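In UniProt numbering, the protein residues as written are 1 to 49.
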């Protein structure tokens with residue numbers, strides 16, 4: 001599938017990413033956070049649907 005920005009992260013990769021950052025106390029800069037949020041939006045919409 002894949003429509004632009006959100007297509008490169010699937011939920012399992014995203015969960016790994018979030019867990020990795022949480023475990024390592026990684027501080028993400030605003031640009032990265034914005035990109036992650038952009039990727040999350042379609043996933044969140046699917047989950048809530």
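Cβ coordinates follow ideal geometry from the N, Cα and C atoms, glycine included.
Only a predicted model underlies this, so the values are computations on that prediction, with no experimental measurement involved.
Cα-Cα, which of 30, 36, 31 and 48 is closest to residue 15? Taking the chain shown and counting its residues from 1, the one referred to as residue 15 is at position 15. Residue 15 has its Cα closest to that of 36, out of 30, 36, 31 and 48.
Close beta carbons around residue 11, own chain, < 7 Å, minus the five adjacent residues each side: To locate residue 11, count along the chain shown from 1; it is residue 11. Counting only Cβ-Cβ distances below 7 Å, and skipping sequence neighbours, we find 43.
Taking the alpha-carbon positions, what's the residue 41 to residue 30 distance? Here residue 41 corresponds to residue number 41 of the chain shown, with the count starting at 1. Here residue 30 corresponds to residue number 30 of the chain shown, with the count starting at 1. Cα-Cα distance, rounded: 16 Å.
Alpha-carbon to alpha-carbon, residue 45 and residue 39: Counted from its first residue, the chain shown places residue 39 at position 39. Counted from its first residue, the chain shown places residue 45 at position 45. Rounded to whole angstroms, residue 39 to residue 45 spans 11 Å at the Cα level.
Just reading off the alpha helix (DSSP H) that residue 34 is part of, what are its end residues? Locating residue 34 in the chain shown gives position 34, where the first residue counts as 1. 30-48 is the span of the alpha helix (DSSP H), which, as asked, contains residue 34.
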